[in-house]
Amino acid sequence: MNPEKVVFGFFIVLALTLNFGFFLGEIDNVAHHDVYELFAVIVVNLIATVLKFGERTQIGAVLLATSLVAVLQLLAAAVVWAVAAHASQEGVTPAVMASIVSLTGGAMLANVVSVVLLVIETVMLKR
Amino acid sequence: MENIVFVVFRRMRAPLLTLIVTYAVAMLGLVLIPGRDAAGHVWRMDLFHAFYFFSYTATTIGFGELPYELTDAQRLWVTFTIYLTVIVWVYSIGTLIALLQDPAFRQFVSERRFVRRVRRLAERFYLVCGYGETGSALVKALTDRDQLAVVVEINPERVSHLRLEGLRQYVPALCGDAGSPQHLLAAGLQHPRCAGVAALTNFNEVNLKIAIASKLLRPRLPVICRADSRDVEANLASFGTDHIVDPFDTFASRFAVAVRTPGLSLLHRWLTGRRGEALPEPSFPPRQGLWILCGYGRFGKAVLTRMDELGLEVVVVEAAPEHTGTPSGGCVVGRGTEADTLREAGIERAVGLIAGTSDDANNLSIVMTALALKPGLFVVLRQNLQESQPIVEAVKAAMVMHPATIIADKIRVLLATPLLNELEQIASYQPDSWACELLSRITAVVASRVPAVWEVLVDRDGAYAVAHALAGGQRVLLYHVLSDPLERERALAAIALLLLRPGERIVLPEPDTVLRPGDRLLLCGRHQVRDRMEWTLQNRGSLAYILTGEHRPAGHLWRWLAPRRSARTGGAE
Chain V
19 MNPEKVVFGF FIVLALTLNF GFFLGEIDNV AHHDVYELFA VIVVNLIATV
69 LKFGERTQIG AVLLATSLVA VLQLLAAAVV WAVAAHASQE GVTPAVMASI
119 VSLTGGAMLA NVVSVVLLVI ETVMLKR
Chain H
-18 MENIVFVVFR RMRAPLLTLI VTYAVAMLGL VLIPGRDAAG HVWRMDLFHA
32 FYFFSYTATT IGFGELPYEL TDAQRLWVTF TIYLTVIVWV YSIGTLIALL
82 QDPAFRQFVS ERRFVRRVRR LAERFYLVCG YGETGSALVK ALTDRDQLAV
132 VVEINPERVS HLRLEGLRQY VPALCGDAGS PQHLLAAGLQ HPRCAGVAAL
182 TNFNEVNLKI AIASKLLRPR LPVICRADSR DVEANLASFG TDHIVDPFDT
232 FASRFAVAVR TPGLSLLHRW LTGRRGEALP EPSFPPRQGL WILCGYGRFG
282 KAVLTRMDEL GLEVVVVEAA PEHTGTPSGG CVVGRGTEAD TLREAGIERA
332 VGLIAGTSDD ANNLSIVMTA LALKPGLFVV LRQNLQESQP IVEAVKAAMV
382 MHPATIIADK IRVLLATPLL NELEQIASYQ PDSWACELLS RITAVVASRV
432 PAVWEVLVDR DGAYAVAHAL AGGQRVLLYH VLSDPLERER ALAAIALLLL
482 RPGERIVLPE PDTVLRPGDR LLLCGRHQVR DRMEWTLQNR GSLAYILTGE
532 HRPAGHLWRW LAPRRSARTG GAE
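So the sequences go chain by chain: V and H. Just add 18 to the spot in the first sequence (first one is 1) and you have the working numbering. Once you know that position 369 of the second sequence is 350 in the working numbering, the rest is easy, because the numbers rise by one and skip nothing.
Structure (structure tokens):
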């Protein structure tokens, strides 16, 4: 067992599960989506991205690409939330929440691809 | 080479992860600890403000306690986390800077830059492997004549030396082993503009590898190789290396030419001289009388063979005949730097002396002692290192032979003006009077400065206007090309030395020779004349003026109008 692989897999799967947890619920219901959960999703995704740095294989390169997509979407969601909460008059309205959640939905798709690739790589590794 | 990028990313992993985790913990703590707003109500900092707070404290900018003053509990947490985040920042930035200064990383960056520069070269260039004495002399000789070179050299000191040289052209240099094909490819071996390879490293095996790689990857590219032993020479010749240059042999044959045909030797020096140099004076090594040859190493042996062929009387002086072997005629044991040895060799009745040891200081000492014993002696000095140049000049030897420069010049001629090499081969079968006649013709043309020597290929690239006229069925004679495009009655100060066409070699072609497509011309003349001649060769208007004496309209519109205008004026008359 390679401890590096454990940490690697752990963070990639955690990025997906947390993302899923945040995404779950009615899309425009502010009460269903927690800001701390989004925070955790972003931190774990960032860690997963950095862990993928320096992977030489083709699959490693695609993994890094999916992570970068996820981080980009999540940061966009965070910026939308911050602007809505602190820089606008209305605050976080259901419409804003819907766009935040849909952004994280896109990130979740990228994370799903990541996990699928991880599974494929594991299956291919016949050891 | 690409691996280094992954290494950089891998090494940045740990600092980045630490940074992310530290920020997350610090922000979370600040959000969880309750604070108070200006009115004293309980107020929790949100994630956005926590991120903002640590963005300015971790980077040590520090705006203060925003948006409200912190409570003591918050301050306790912040005190702890400020130290944490600042240290993590310093660690991350430090790692990044250390990476940028990593020698492997810098080597990678400079290699990338080198590859990009070589790829962008748009003119003919020569690939010079090895920047030692010979390599640097070759690069200087090429760049002085506005030709480009790319250098591969294994020793980083020599590479930085190249950067400080102050050459006329920018010379991209790669610090790496020229024996590895990867480096040769990076240096543009397969670049369409690469016009030749010179393998001049100090190691025969490396030169061999370069020659093999070049011949396999670019079979038609001329490859010139330096070789110090017969073995390697035979090996190089076996797979078609175009020219193999043995420094000592080249050197000895130049000496032989100087003794046998001084005019030819002078012609060579004139035609290969450096731009702006005054025409070299002739020197006449004595053919009768005793010669003293100091040093019987590889150099001495090569020279002695030639001297025996010429029938000169030679006494050899050698300090360690047990290492070098004794020549068949015996030798005087000694270094030649002391008067006794030279007297023993017969300096009193000697006419010439060759100081040919591999040590510049000894050579100089030999020359000075010999000249003190017998003023007026014809001395030939072998110069080993370029840096000895100033003192070598001060000694005023009749002939100075610097093997590196001699080889460099030979290679430059082979690469840049191969026709000149052809001419010299033909000339070596001519009597000395032939060379002297040509010398006087050159003097008439160039007055006192070394002439420019250049080649012209009659095709659409080398001489667009001439090729166009020939394709149109016009007759272009050699003297047309040699006429002044501004005043056709005047001849340009240039001489056609050689005309080469399939199956024919015409030395000093007559002015009424008819040019044909594909002809190769070797010309010499003043430097300005070369530029002037380009007009005749490339500009159809200029050539038409020389051929017919009329100024033809050059632009499309005027060319279309011309027949109409002449018809009208013709009708009016």
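Beta carbons are placed, not taken as given, at the ideal position from N, Cα and C, and that holds for glycine.
Check, Outcome
"Which residue from V119/V, T75/V, F71/V, L135/V puts its Cα closest to that of L42/V?", "V119/V"
"Check L524/H in the structure and name its three-state DSSP category.", "helix"
"Does the beta-carbon of T322/H have 16 or more other beta-carbons within 10 angstroms, so that it is buried, or is it exposed?", "buried"
"In whole angstroms, give me the CA-to-CA distance for L189/H and L102/H.", "26 angstroms"
"Decide if W539/H is buried, meaning its Cβ has at least 16 other Cβ atoms within 10 Å, or exposed.", "exposed"
"With three or more C-beta pairs closer than 8 angstroms as the rule, is the stretch 363 to 373 of chain H touching the stretch 333 to 348 of chain H?", "yes"
"In three-state terms, what does DSSP make of F555/H?", "Since the first and last residues shown for chain H are -18 and 554, residue 555/H lies out of range."
"Counting only the same chain and skipping the five closest in sequence on each side, list residues whose C-beta sits under 7 angstroms from that of T52/H.", "G16, R17"
"Do I387/H and K355/H have their beta-carbon atoms positioned less than 7 angstroms apart in this structure?", "no"
"Answer with buried or exposed for S195/H, where buried requires no fewer than 16 other C-beta atoms within 10 angstroms of its C-beta.", "buried"
"May I ask you to list, following chain order, the residues of the stretch 28 to 46 of chain H that have a beta carbon less than 7 angstroms from some beta carbon of chain V?", "L28, F29"
"Nearest to Q509/H by CA position, among A448/H, E531/H, L438/H, P432/H, is which residue?", "P432/H"
"For chain V, is any of its Cβ atoms less than 7 angstroms away from the one on R(-9)/H?", "yes"
"So what does DSSP say about G221/H, is it helix, strand or coil?", "coil"
"Looking at C-alpha atoms only, which residue of H172/H, R98/H, D390/H is the closest neighbour of T124/H?", "D390/H"
"If we count Cβ pairs, one from each stretch, closer than 8 angstroms, do we get three or more for the stretch 241 to 253 of chain H versus the stretch 272 to 285 of chain H?", "no"
"Work out the CA separation of L467/H and L481/H for me, nearest whole Å.", "28 angstroms"
"To the nearest angstrom, report how far apart T529/H and V457/H are at their CA atoms.", "11 angstroms"
"Can you find a CB in chain V that lies within less than 7 angstroms of the CB of L(-2)/H?", "yes"
"Tell me, please, whether the stretch 205 to 214 of chain H touches the stretch 126 to 142 of chain H by the rule of three or more beta-carbon pairs shorter than 8 angstroms.", "no"
"If you measure between the beta carbons of I527/H and R471/H, is that distance less than 7 angstroms?", "no"
"Going by the CB atoms, is the gap between S132/V and I30/V shorter than 7 angstroms?", "yes"
"Could you tell me the distance, in whole angstroms, from the CA atom of L(-3)/H to the CA atom of G75/H?", "12 angstroms"
"What ranges does the alpha helix (DSSP H) occupy inside the stretch 56 to 131 of chain H, keeping only unbroken runs of at least 4 residues that lie completely in it?", "84 to 101, 114 to 125"
"Who are the neighbours of F(-13)/H on chain C, taking C-beta pairs under 9 angstroms?", "Among the protein chains in the structure shown, which are V and H, there is no chain C."
"Using the rule of at least 16 other Cβ atoms within 10 Å of the residue's Cβ for burial, across every protein chain shown, is I1/H buried or exposed?", "buried"
"Around the Cβ of W99/V, are there at least 16 other Cβ atoms within 10 angstroms (buried) or fewer (exposed)?", "buried"
"Given this structure, state the Cα-to-Cα distance separating E418/H from G522/H, to the nearest angstrom.", "36 angstroms"
"Just checking my contact of V360/H with L334/H at CB under 8 angstroms: how many whole Å lie between their CB atoms?", "5 angstroms"
"Here's a check: name, in chain order, each residue in its chain whose Cβ is nearer than 7 angstroms to the Cβ of M(-18)/H, leaving out the five neighbours to either side.", "Reliability fails at M(-18)/H, whose pLDDT of 49 lies under 50, so the model's placement of it is uncertain and the value that follows must be treated cautiously. Same-chain partners within the cutoff: F89, E92."
"Residues of chain V with a CB under 8 angstroms from the CB of A79/H: which are they?", "By Cβ distance, chain V contributes nothing, its closest Cβ being about 16 angstroms from A79/H, past 8 angstroms."
"What residues of chain V sit near A5/H, judged by a beta carbon separation below 7 angstroms?", "V61"
"Would you decide whether W435/H is buried or exposed? Buried here means 16 or more other CB atoms lie within 10 Å of its CB.", "buried"
"When you compare each of L245/H, S429/H, A543/H, S117/H to N402/H by their alpha carbons, which one comes out closest?", "L245/H"
"Terminal residues of the continuous beta strand (DSSP E) containing I273/H?", "271 to 275"
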